[in-house]
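The structure appears below as structure tokens.
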Amino acid sequence: MSLLKLTADAIVIGSGPGGATVARELSRAGKKVIILDKGADHRGRIYYGTYPGAMIYSDKMSLLFTKEGLNIISPIMVGGATSMYCGCAAVPPVWLKKRYRIDIDNEVNETIQELNIQPLLPQLRGIASTRIAQAAIQLGYEWYPQPKFMNPERSKNFHCTAACMLGCRCGAKWNAAEWVDEALEAGAALYTHVKVKKILHDGRSVQGVEGSAGGKNFIAHAPYVVVAAGGIGSPRLLQASGFKDAGKGMTMDVTVMVYGTISDKGIGKEPPMTWSWENDADGYMLSTLIDPWLLYPLAAVRVGVKPLLQWFQWNHILGVMIKLKDDITGGVYSDGTISKPLTQKDKERLAKARAVSEAILKKAGAPASSIFMRPLIGTHPSGTVRVGDMLDTNLRTKIDGLYVCDASTFPESLDRPTVLTIIGLGKRLAKHLIKKR
Ligand SMILES: Cc1cc2nc3c(=O)[nH]c(=O)nc-3n(C[C@H](O)[C@H](O)[C@H](O)COP(=O)(O)OP(=O)(O)OC[C@H]3O[C@@H](n4cnc5c(N)ncnc54)[C@H](O)[C@@H]3O)c2cc1C
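Remember, this note's numbering sits 98 above the position in the sequence shown when you count from 1.
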């Protein structure tokens with residue numbers, strides 16, 4: 099079998115926000131960049147942003163579970179998880195700079211300007227979502243309109259609902275795939291359906307990567323390799339390349355929705371996460387959110403018959419989403435399994451967040467009898483190749499030229515939307531690499 103050989107200044111593995119940002123910045127600086135992604139570019143396909151689509155492009159057809167039963171949605175495609183995210187933007191937590199000396203303020207501010215990140219206009223935040231936020235504010239919690247990577251003016255027919263988590267069909271939501279496009283315009287090359295299997299190195303310096311595409315093996319050489327295959331993909335690739343500690347322990351911003359029903363219309367036909375509130379002291383974040391209509395019964399049935407029957411009132415449901423600042427536990431294992439047990443502290447965080455969510459829903463008009471919590475899910479697999487443990491503050495591994503730039507690098511649970519922080523890290527890493535040569 100002939101072996102395809104490629105060479106570049108930098109190889110970027112993965113095209114989510116981490117990989118897309120580094121690739122775009124390096125290409126614009128005149129570097130020869132190769133982007134390799136295991137998935138395909140599904141944008142514009144008839145199924146993009148539909149339920150069958152979500153099954154086509156999510157790992158294990160959306161049925162990826164941890165050993166403890168947490169469902170993880172992990173899109174394998176150009177743009178990575180930004181193809182299915184809620185489009186929320188959060189500035190990095192202050193502890194990133196204080197505890198880990200990672201200062202990405204300039205890069206984050208530049209991104210906020212460039213992508214026009216701001217909350218949706220009041221009339222687009224949703225009547226029921228705003229009702230939840232007002233109830234919370236009346237109870238003394240400082241909910242705020244959530245800044246978004248979402249600009250309705252980019253769309254001819256802005257129509258964002260819970261289903262926008264299947265993929266954005268109206269075009270309002272920014273997707274990292276757009277920065278892949280810009281990297282290509284600046285000269286980068288993108289290879290899709292490519293599974294990178296191993297990083298090539300001699301124990302001191304990186305040499306390139308080895309993988310397969312369309313049944314053919316290939317080798318690509320470069321003095322810099324940036325692993326950006328996400329919180330699950332990156333540790334797996336590093337494990338296969340001799341990094342035994344990769345994937346030991348992980349964070350997930352363990353997530354769950356608390357639901358209650360009202361007689362007026364609920365939040366199902368409103369954009370996701372238009373209002374939020376962070377309680378850093380108690381380690382959780384709350385936002386407005388509901389499962390998309392067809393996914394709702396899959397979650398509700400695991401709680402009981404009564405919650406399942408509320409499916410018929412789906413458009414009358416109010417949902418408060420809890421994101422926990424979970425401790426580092428479990429991990430991503432080389433046998434393909436993932437584990438994410440909750441610690442006692444996590445359970446205490448969850449109990450506090452649940453009590454506040456229930457109080458807010460009652461204040462917003464949901465009878466106590468209608469309130470229930472769905473099973474936990476894992477929306478932000480991260481912290482599997484942590485700064486401080488496996489990476490220095492420049493995101494470099496112990497191997498010269500080998501860097502990691504994605505959610506796996508987080509030293510602790512971010513407990514808030516990840517993408518703006520990942521972009522900030524990507525821009526800073528690109529500057530670092532450009533300066534080096
Ligand atoms: C439903 C949902 C809603 C979310 N909402 C928000 C939100 O509103 N705001 C926010 O900030 N965050 C949100 N997130 C989280 C956010 O989208 C992710 O944390 C973020 O995209 C992670 O970026 P990344 O670069 O680490 O990896 P990913 O986006 O996961 O990208 C990894 C890429 O690597 C590729 N890959 C994997 N393995 C290999 C391999 N071996 N070889 C080649 N390529 C490989 C994949 O195909 C993928 O393109 C949400 C996530 C989900 C699932």
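We put the beta carbon where it would ideally sit given N, CA and C, even for glycine. No experiment lies behind these values; they were computed from the predicted model shown.
Query	Result
contact_flag[the segment 325 to 336, the segment 381 to 398] where n(CB pairs < 8 Å) is 3 or more	no
Ordered list of beta strand (DSSP E) runs contained in the segment 376 to 446, each at least 3 residues	382 to 386, 415 to 422, 427 to 430
Beta carbon of R122 nearer than 8 Å to that of A284	yes
Straight-line gap, K404 to Q411 (C-alpha atoms, nearest Å)	12 Å
Y544 to G265 span [Cα, whole Å]	Any property of residue 544 remains undetermined from this structure, which presents the chain solely from 99 to 535.
Beta-ladder partner(s) of T180, from DSSP	T180 pairs with nothing; no bridge assigned.
As assigned by DSSP and simplified to three states, the class of V352	coil
Proximity of S432 and Q305 at Cβ, strictly below 8 Å	no
Top-ranked residue by Cα proximity to N207, from V189, I330, R199	V189
Between the CA atoms of S511 and K529 - distance to the nearest angstrom	25 Å
Close-in-space but distant-in-sequence residues of the same chain around I58 (CB under 8 Å, 5 per side omitted)	A question about residue 58 goes unanswered here, because the residues of the chain that appear run from 99 up to 535.
Check whether P479 and M371 have beta carbons under 8 Å apart	no
G329 - containing alpha helix (DSSP H), residue span	328 to 337
Boundaries of the beta strand (DSSP E) in which G306 is found, first to last residue	304 to 311
Proximity test, A326 beta-carbon vs ligand 2 heavy atom, cut-off 7 Å	Of the ligands this structure carries, namely ligand 1, none is ligand 2.
Identity of the residue in R197, A462, A505, H414 nearest K363 by Cα	H414
Sequence-distant residues of its chain with Cβ nearer than 6 Å to A118 (five each side left out)	A274, W277, V278
Residue interval of the beta strand (DSSP E) (run including H319)	314 to 319
Cα-Cα separation, K109 to A138	The sequence shown places Ile at residue 109, not Lys. Taking the straight line from one Cα to the other gives about 18 Å.
Coarse secondary structure for G142, derived from DSSP in three states	coil
Distance CB(M355)-CB(R472) smaller than 8 Å	yes
Backbone secondary structure at A231 - three-state DSSP	helix
Status (buried if at least 16 other CB within 10 Å, exposed otherwise) for M488	buried
Start and end residues, alpha helix (DSSP H) containing H530	517 to 534
Span separating the alpha-carbon of V176 from that of F470	36 Å
Ligand 1 heavy atom lying under 7 Å from the CB of V607	The requested residue 607 does not occur in the structure, where the chain is confined to residues 99 to 535.
The segment 125 to 135 in contact with the segment 196 to 215 per 3-pair CB rule at 8 Å	no
Residue interval of the alpha helix (DSSP H) (run including A281)	275 to 283
Assigned secondary structure, R494 (DSSP; H/G/I helix, E/B strand, else coil)	strand
Whole beta strand (DSSP E) elements within the segment 126 to 172, 3-residue minimum	131 to 134
K293 CB to nearest heavy atom of ligand 1 below 7 Å	yes
Minimum C-alpha distance to N214 - residue among E205, M248, A226	M248
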